[in-house]
Amino acid sequence: MLQDQQYLRIPGPTPIPPSVERAMAKPMVGHRASVTDDLLKKIQPGLRKVFGTDQDVLIVAGSGTAGLEAAAVNTVRRGEEAIVIVSGSFGARFEKICLAHGIIVHRYETEWGEAFEPEVVRGMLEEHPGVKAVFSTYCETSTGVVNPVAELARVVREVSDALIIADGVSIIGGVEAKMDEWGLDVLVTGSQKAMMLPPGLMFAAVSDRAWNVIEANPDRGFYLDLVQYRDSIRENTTPFTPAVSLLYGLDQALTLLEEEGIAEVAARHELMRDMIRAAFRAHGIPLLTSDEAGSPTVTAVRPDDFDAEGFRSLIHREFGLAVASGQGKLEGKIFRVGHMGYCSPGDVLQMIALFELGIARAGKQIETGKGVAAAQRVYLQKGEQTK
Ligand SMILES: Cc1ncc(COP(=O)(O)O)c(C=O)c1O
């Protein structure tokens, strides 16, 4: 294996496009200099498109979890009630955050690997009419499930004034999100996944009705007080020192998304998901989720006749190919493949070919090339449909 060659196919952080890397290498500038104000102003329209919102998209120096905490602490007060949907370990994180802030949690846990059902939330809201917010995970990275957040928002709004909060950390930038149209109240993401940037930025957008709730909340904390970020971004600045180099990178990443087109980016992610699923299916290797629930950005594979962890370390050792392990109750049982951001169908074919070698080496009798051929067929069929 070449010493510094690696294929980073975990569900974040993800590889960085060379033009984004170059943009981040620009000399440092003052964070209150007009050049930074201009950069923040230039970035806004692109970010709004990615979120599918007319609202300002707030930019915070922090990881994705800062977004989860900001969503909780700004919208729900200590002693108030919330529904937290736990469809995997990131939903569980939302619960921990709510509990840490004294929020009363009504928990709805799905089978891990299955999407949540909005109708269950309807029932819970009828039972607990005091609920102020429903916390959901758009893509549950620990299981590779894409949850029906648009449908959730529709159902919640039918029966309650509770705010709908969505963690979009591992999917925004890889789908055509329509925050305003769907009726999401707070949508957050991080930089290091489908946004094609290094870790270090959190983005959050907030609906008008959520702003009303947030403004009336006297206890929003300090660093993650979203009102400060909103008031600053209206002046093309940030309340605290922004991660300036990452902003340069963000500007370029948004240019790339714009040039490819958000609909095309989303179609590429769906195609990559379908190729990967077809490849494992061709070998009879079980996937954790159904096709309907399969995320366009991350796929969880649950092998039943070879060891997931042994396979992971083998492909890393032999080919420098990194995929992620299972988390929480799925630890040791699955491996997770990230196919988001700076990832193409060509990359997918390469990783499938390497997976096949790894699976053969892990001791399973397989016909190498069968998965690659299945993925190629998906590529050709999809190409036919889009002609
Ligand atoms: C869905 C989801 N939410 C939250 C997070 C936490 O983000 P971070 O590790 O950047 O704090 C992650 C990270 O993998 C995630 O996938």
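Its first residue numbered 420, the sequence shown is counted upward by one per residue in the numbering used here. All C-beta atoms in this analysis are idealised placements derived from N, C-alpha and C, irrespective of residue type, glycine included.
By the Cβ test, the region 771-788 is not in contact with the region 584-599, since fewer than three Cβ pairs between them sit closer than 8 Å.
Taken through DSSP and simplified to helix, strand or coil, Leu740 comes out as strand. Per DSSP, the beta bridge partners of Ala585 are Ser555 and Leu606. Between Ser610 and the set Leu676, Ser482 and Leu675, the nearest pair of CA atoms involves Ser482. With respect to Gly668, Met447 sits apart: the two C-beta atoms are not nearer than 7 Å.
Going by DSSP, Gly757 is part of no alpha helix (DSSP H) but of the beta strand (DSSP E) stretching over Phe754 to Gly757. In the three-state reduction of the DSSP assignment, Tyr648 falls in the helix class. Counting only runs that start and end inside the region 648-720, the alpha helix (DSSP H) elements of at least 4 residues fall at 663-679 and 681-701. Classified as exposed, Gly788 has fewer than 16 neighbouring CB atoms from the shown chains inside 10 Å of its CB. Per DSSP, reduced to three states, the secondary structure at Phe622 is strand. Between the region 722-733 and the region 571-582 there are fewer than three inter-stretch CB-CB distances shorter than 8 Å, so the stretches are not counted as touching. Counting only residues whose CB is nearer than 5 Å to a non-hydrogen atom of ligand 1, the list in chain order is Ser482, Gly483, Thr484, Phe509, Thr560, Asp586, Val588, Ser589 and Gly609. Per the coordinates, the alpha-carbon of Val720 lies some 15 Å from the alpha-carbon of Val565. In this structure, DSSP gives Leu616 a state outside helix and strand, which the three-state scheme calls coil.
Less than 7 Å divides the Cβ of Thr716 from the Cβ of Ala613. Restricting attention to Val756, Ser732, Pro658 and Ala672, the CA atom closest to the CA of Met694 is found in Val756. The alpha-carbon of Val568 is positioned some 42 Å away from that of Gln422. Under the three-state reduction of DSSP output, Glu600 falls in the helix class. Counted as a single uninterrupted DSSP element, the alpha helix (DSSP H) harbouring Glu440 occupies residues Pro437 to Met443. Only residues of its own chain outside the window of five on either side were considered, and among them Ile584, Val605 and Val607 have a CB closer than 6 Å to the CB of Ala490, listed in chain order.
Straight across, the Cα-Cα distance linking Leu487 with Ala698 is about 34 Å. CA-CA distance, Ser453 to Glu600, rounds to 34 Å. Taking 7 Å as the cut-off, the beta carbon of Gly510 is found no closer than this to the beta carbon of Ile502. Measuring C-alpha to C-alpha distances from Phe659 to each of Gly521, Asp644 and Gln424 identifies Asp644 as the nearest. The C-alpha of Ile523 is placed about 6 Å away from the C-alpha of Glu499. Around the beta carbon of Gln671, a 10 Å sphere encloses 16 or more other beta carbons of the protein chains shown; the residue is thus reported as buried. Per DSSP, reduced to three states, the secondary structure at Arg496 is coil, with no helix or strand assignment. Nearest to Gly507 by C-alpha distance, out of Pro764, Gln746, Val797 and Thr455, is Gln746.
Our two residues, Ala534 and Ser555, have alpha carbons roughly 11 Å apart in a direct line.
Lys445 and Gly739 have their C-alpha atoms roughly 29 Å apart.
Counting along the chain, Glu528 sits inside the beta strand (DSSP E) bounded by residues Ile523 to Glu528. Only exposed fits Gly765, as fewer than 16 other CB atoms lie within 10 angstroms of its CB. Classified as exposed, Met420 has fewer than 16 neighbouring CB atoms from the shown chains inside 10 Å of its CB.
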